[in-house]
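**Student:**
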Amino acid sequence: MRFVDEFRDPAVITRTCEEIRRLTDPSRHYRFMEVCGGHTHAIYRFGLRDVLPAGIELIHGPGCPVCVLPMGRIDDGLALARDPRVIFAAFGDMMRVPGAHGSPLEHKAGGRDVRIVYSPTDALKLARSNPDRHVMFFAIGFETTAPSTALTLVRAKAEGIRNFSVFCNHVTIIPAIRAILDSPDMRLDAFIGPGHVSTVIGCRPYEWVARDERKPIVISGFEPLDLLQSTVMLLRQLRAGEAKVENQYARVVPWEGNRAALAAMAEVFQLRPYFEWRGLGFISQSALRIRDEYAAWDAERVFDIPGVRVTDPKAAQCGEVLKGVLKPVQCKLFGRECTPERPVGALMVSSEGSCAAYYNYEHRKAAAALAAPA
Amino acid sequence: MAHGAGGKATRRLVDGLFAPLLLGGAAGGLGDAAALDVDGTPLAITTDAFVVTPLAFPGGSIGELAVNGTVNDLAVAGADAVALVASFVLEAGLPSDVLDAEVRAMARAARAAGVPIVGGDTKVVEHGKTDRMYITTSGIGRRISGVTVDPRSVRPGDRILLSGPIGDHGITILLARGELDLEAELRSDTRSVLPLVQAIIKVAGSGIRWMRDPTRGGVATALNELALDCGLGVHLSEDAVPVREEVRGACELLGLDPLHIANEGQFLAVVAPDCADAALGALRAAPGGEGAALVGEIRAEPAAAVLVATAYGGTRIVDMLVGDPLPRIC
Chain V
0 MRFVDEFRDP AVITRTCEEI RRLTDPSRHY RFMEVCGGHT HAIYRFGLRD VLPAGIELIH
60 GPGCPVCVLP MGRIDDGLAL ARDPRVIFAA FGDMMRVPGA HGSPLEHKAG GRDVRIVYSP
120 TDALKLARSN PDRHVMFFAI GFETTAPSTA LTLVRAKAEG IRNFSVFCNH VTIIPAIRAI
180 LDSPDMRLDA FIGPGHVSTV IGCRPYEWVA RDERKPIVIS GFEPLDLLQS TVMLLRQLRA
240 GEAKVENQYA RVVPWEGNRA ALAAMAEVFQ LRPYFEWRGL GFISQSALRI RDEYAAWDAE
300 RVFDIPGVRV TDPKAAQCGE VLKGVLKPVQ CKLFGRECTP ERPVGALMVS SEGSCAAYYN
360 YEHRKAAAAL AAPA
Chain L
0 MAHGAGGKAT RRLVDGLFAP LLLGGAAGGL GDAAALDVDG TPLAITTDAF VVTPLAFPGG
60 SIGELAVNGT VNDLAVAGAD AVALVASFVL EAGLPSDVLD AEVRAMARAA RAAGVPIVGG
120 DTKVVEHGKT DRMYITTSGI GRRISGVTVD PRSVRPGDRI LLSGPIGDHG ITILLARGEL
180 DLEAELRSDT RSVLPLVQAI IKVAGSGIRW MRDPTRGGVA TALNELALDC GLGVHLSEDA
240 VPVREEVRGA CELLGLDPLH IANEGQFLAV VAPDCADAAL GALRAAPGGE GAALVGEIRA
300 EPAAAVLVAT AYGGTRIVDM LVGDPLPRIC
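Going down the list, the protein sequences come from chains V and L.
Numbering that gives the first Met the number 0 applies: residue 0 is where the first sequence begins, and numbers increase by one.
Numbering that gives the first Met the number 0 applies: residue 0 is where the second sequence begins, and numbers increase by one.
(1) Would you say the region 351 to 362 of chain V touches the region 306 to 322 of chain L, given that touching needs at least three Cβ pairs under 8 Å?
(2) Please report the residue range of the alpha helix (DSSP H) in which Asp-120/V lies.
(3) Anything in chain L within Cβ reach of Leu-125/V, meaning under 7 Å, just list it in chain order.
(4) Just the Cα atoms here: how many angstroms apart are Phe-163/V and Phe-302/V?
(5) Which chain V residues are close to Glu-178/L, counting only those with a beta carbon under 8 Å from its beta carbon?
(6) Do we get a CB-CB distance below 8 Å when we pair Cys-329/L with the residues of chain V?
(7) Any beta carbon of chain V sitting closer than 8 Å to that of Gly-313/L?
(8) Thinking C-beta only, is Ala-32/L closer than 8 Å to Ala-78/L?
(9) Would Leu-325/L count as contacting chain V if we go by Cβ distances under 8 Å?
(10) Determine contact between the region 30 to 48 of chain L and the region 61 to 81 of chain L, defined as no fewer than three beta-carbon pairs at a distance below 8 Å.
(11) Quick check on the DSSP output: what are the complete alpha helix (DSSP H) runs of length 4 or more inside the region 260 to 305 of chain V, in order along the chain?
(12) Determine the burial state of Arg-48/V: buried for a count of at least 16 other Cβ atoms within 10 Å of its Cβ, exposed for fewer.
(13) Determine, using beta carbons only, whether Val-321/L comes closer than 8 Å to chain V.
(14) Cα-Cα, which of Ala-355/V, Gln-329/V and Lys-156/V is closest to Arg-341/V?
(15) Would you kindly work out how many angstroms separate the C-alpha atoms of Met-347/V and Asp-273/L, rounded to a whole number?
(16) To which residues of the same chain is Leu-51/V closer than 6 Å at the C-beta, ignoring the five residues directly before and after it?
(17) Let me know if Phe-281/V comes out buried or exposed under the rule of 16 or more other beta-carbons within 10 Å of its beta-carbon.
(18) Looking only at DSSP bridge pairs, what is Arg-142/L linked to?
(19) Specify whether the region 162 to 169 of chain L and the region 235 to 245 of chain L touch according to this definition: at least 3 beta carbon pairs, one from each stretch, less than 8 Å apart.
(20) Name the residues in the region 57 to 87 of chain L whose C-beta lies less than 7 Å from a C-beta of chain V; which are they?
(21) Closest to Arg-111/V by CA distance: which of Ala-286/V, Arg-84/V and Phe-137/V is it?
(22) Give the residues of chain L in contact with Asp-92/V, contact being defined as C-beta atoms less than 9 Å apart.
(23) Round the Cβ separation of Gly-313/L and Gly-46/V to the nearest angstrom and send it over; I've been treating them as touching at under 8 Å.
(24) Please list the terminal residues of the continuous beta strand (DSSP E) segment that includes Lys-122/L.
(25) With a Cβ-Cβ cutoff of 8 Å, do Phe-333/V and Ala-149/V count as a contact?
(26) Let me know the secondary structure DSSP gives Arg-176/L once reduced to three states.
(27) Among the residues of its own chain, which have a CB less than 7 Å from the CB of Ala-98/V, if the five just before and after it don't count?
(28) Pick out whichever of Val-123/L, Pro-301/L and Asp-212/L has its Cα sitting closest to the Cα of Asn-262/L.
(29) Quick one: give me the first and last residue of the alpha helix (DSSP H) that Trp-207/V is part of.
(30) Suppose the cutoff is 7 Å on Cβ atoms and the five residues either side in sequence are ignored; what does the same chain contact list for Thr-15/V look like?
(31) Tell me which residue opens and which closes the beta strand (DSSP E) that His-59/V is part of.
(32) Straight-line CA distance for Leu-195/L to Gly-287/L?
(33) In chain L, what lies closer than 8 Å to Leu-47/V by C-beta?
(34) Taking 8 Å as the CB-CB limit, is Asp-318/L close to chain V?
(35) List the endpoints of the continuous beta strand (DSSP E) containing Met-70/V.
(36) Please determine, among Trp-209/L, Ala-285/L and Glu-90/L, the residue with the shortest C-alpha to C-alpha distance to Ser-152/L.
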């Protein structure tokens, strides 16, 4: 594939790995957090753990929007799907995520009208072609997907489409990074910064991480070479005793972000005073709600939302895994009660969640290595 | 619902319910067709139900799938299809030209595969009780002498061959549903693999250990079943697995793994190491086998798992598909 294969060239990757080995201090243990779920997925998908020196530990951060969504929000959204008038539309990512009373797919199997859409504009299209029904789009995602939800609402308002609403679960990445850094058991050396989110917000919002917290952060792309190059950049900063924001993904991420996307978000959304994150708890000013001007398209105001709160099972140690205190396999439920087919904890629900990625790509390999004679 | 997607749930359903109650406990190691001996004649028998939306798509339609699917299940069991029977479940109100087109498609596919359709049955159900039409075909075949397809005969060192590029069918169907606003010059790979199977049998014969057509759940699911049934490690080289640009592009875009995407005209074969070169040569020399490749080998470790070596020196475990492949967007 054009524009991708260059970033998967084995020869260049081998050279970059040699560079990483040269820059690594063998007596030191490095703990890097990749914030974004897309990075977690790529690291496992391409087997990058195997090519990094043992001293570099990658910790999977909170950047998987499906994983951090509290279960109660799913139940709230699905409660509306019980209304035979309502078409529940969501990304494929959401379809297997369990609420307390089943996942969207299970609701579909039970006769509810649940549809997979590839963008919020597809959900709006559904509303246009089903004038006698109400289409509710279950919106999730960081700043990556929030602009497309915003533009869809702008269009719905402009066209006067009234049988459409958005159940907004959009969250913002910076407060989550702050929550991780504020955590007393936080032990990180540096960050691999999110790529897709940064195409929208740019690099400036991360400056405090470097300046105040003295942690290097490199905004990274998603190809194997991107992630390895970002690792090189972090190691160079650490070696030089520096902490700055660098942009490895400059081919896509403008330093100042995408002004049009930010303007659309500002038009439609405002910050919620606080929002619950699965595994991290309540974080202030960490999520978006729909502004009053768009109240007629806000499912939380159009409908009576039950406001379900479901506490995660105590035995699931998602918070500790999310903060890098525990590895997925160290959680008591991992691979036993909690599997990708029957997820208990947040991080097992999406294939980008660190537990699911670890389970899918790694854990049997680890088990085999343990069983093999040394 | 996940029970039909060909992955873990299907396996659990078969091993947990059907095998103990219907098959005298013969769970695990169930092949694509059952071997029978009738008065000393080695036969194979199989059945398959076909459900697809849309009914017709670039490169084929449900009628062709229904014939080729059953012919292929027999072929990868080392059997030459002798006859098929077909039954139809039709939704009341199905336009007659749709049915006509599918019956013609079946006749065409049966002629191409060289197997007669010798009987059938039709039921019509109320409108809304089915999705337009379902076709079930059952087939009987003569087992080709000297070939035993048995996962328990697989040994470390054996080689894994793949007959051609993967994912064409699954991605074609995904695009044909029209929900994606994506277009690609892609066609389903539906075809009879019998000529290719015959080509490989001619040169490898008893060196063939196992074959499977990787339909629902894709190559990953078929190889995981092999790994479970033989208890050995299945090693795949990712860059040796042929995948068309269009399939790779769609998978990248949707966050899908080509190894989990369905195929309807390819097969996997595990052969003894000393006949791997000859088998690959025979496949490539056969019409439609030009894209065949040596994609991996069997090793003792890791036990009962599929390990994929990436082009960068890393490895990952590839599991069976859980449910249907769902696109990742956010």
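We treat Cβ as the ideally placed atom computed from N, Cα and C, and that holds for glycine.
The structure presented is a predicted model; accordingly, all values stated were derived computationally and were not measured.
**Tutor:** Straight from the coordinates:
(1) Contact between the region 351 to 362 of chain V and the region 306 to 322 of chain L is present, because at least three Cβ pairs lie under 8 Å.
(2) With the sequence shown as reference, residue 120/V is identified as Thr, and Asp is not the correct amino acid for it. Run containing Thr-120/V: 119 to 128, per the alpha helix (DSSP H) assignment.
(3) Within chain L, no residue has its beta carbon less than 7 Å from that of Leu-125/V; the closest one is some 10 Å off.
(4) Cα-Cα distance, rounded: 12 Å.
(5) Listed along the chain, the chain V residues whose CB falls inside 8 Å of the CB of Glu-178/L are Ile-115, Val-116, Tyr-117 and Asp-121.
(6) Chain V places a beta carbon closer than 8 Å to that of Cys-329/L, counting this residue as a contact.
(7) Yes - at least one Cβ of chain V is within 8 Å of the one on Gly-313/L.
(8) For Ala-78/L and Ala-32/L, yes; Cβs fall inside 8 Å.
(9) Using beta-carbon distances, Leu-325/L counts as an interface residue toward chain V, with a partner under 8 Å.
(10) The way I'd put it, the region 30 to 48 of chain L does touch the region 61 to 81 of chain L; three or more beta-carbon pairs between them come closer than 8 Å.
(11) Qualifying alpha helix (DSSP H) stretches, in chain order: 298 to 301.
(12) Only buried fits Arg-48/V, as 16 or more other CB atoms lie within 10 angstroms of its CB.
(13) By this cut-off, Val-321/L is an interface position.
(14) Of the candidates Ala-355/V, Gln-329/V and Lys-156/V, Ala-355/V places its Cα closest to the Cα of Arg-341/V.
(15) Here the C-alpha atom of Met-347/V lies approximately 43 Å from the C-alpha atom of Asp-273/L.
(16) Once the five neighbours on either side are set aside, Leu-51/V has no close Cβ partner at all.
(17) Phe-281/V comes out exposed.
(18) DSSP, once it has assigned bridges, lists Ala-78/L as partnering Arg-142/L.
(19) Yes, since at least three Cβ pairs between the region 162 to 169 of chain L and the region 235 to 245 of chain L fall closer than 8 Å, the two stretches touch.
(20) If the cut-off is 7 Å between Cβ atoms, the region 57 to 87 of chain L has nothing near chain V.
(21) Arg-111/V has its Cα closest to that of Arg-84/V, out of Ala-286/V, Arg-84/V and Phe-137/V.
(22) Under the 9 Å cutoff, chain L gives Gly-254, Leu-325, Pro-326, Arg-327, Ile-328 and Cys-329.
(23) Right, their Cβ atoms sit about 2 Å apart.
(24) Where Lys-122/L is concerned, the enclosing beta strand (DSSP E) starts and stops at 116 to 124.
(25) Cβ atoms of Phe-333/V and Ala-149/V: not closer than 8 Å.
(26) Looking at Arg-176/L - three-state DSSP - the assignment turns out to be coil, as it is neither helix nor strand.
(27) The sequence shown places Gly at residue 98/V, rather than the Ala named in the question. For Gly-98/V, where only same-chain residues beyond five positions count, the Cβ hits under 7 Å are Met-70, Ile-73, Asp-74 and Leu-77.
(28) Ranking the options by Cα distance to Asn-262/L, first place goes to Asp-212/L.
(29) Note, Trp-207/V: alpha helix (DSSP H), 206 to 210.
(30) Result list for Thr-15/V: Leu-224, Leu-227, Gln-228 and Val-231, in chain order.
(31) First-last of the beta strand (DSSP E) with His-59/V: 55 to 62.
(32) Just so you know, the alpha carbons of Leu-195/L and Gly-287/L end up roughly 8 Å apart.
(33) Those within 8 Å of Leu-47/V in chain L are Tyr-311 and Gly-313.
(34) At least one CB atom of chain V sits nearer than 8 Å to the CB of Asp-318/L.
(35) That residue, Met-70/V, is in no beta strand (DSSP E); its alpha helix (DSSP H) goes 70 to 80.
(36) Closest by alpha carbon: Trp-209/L.
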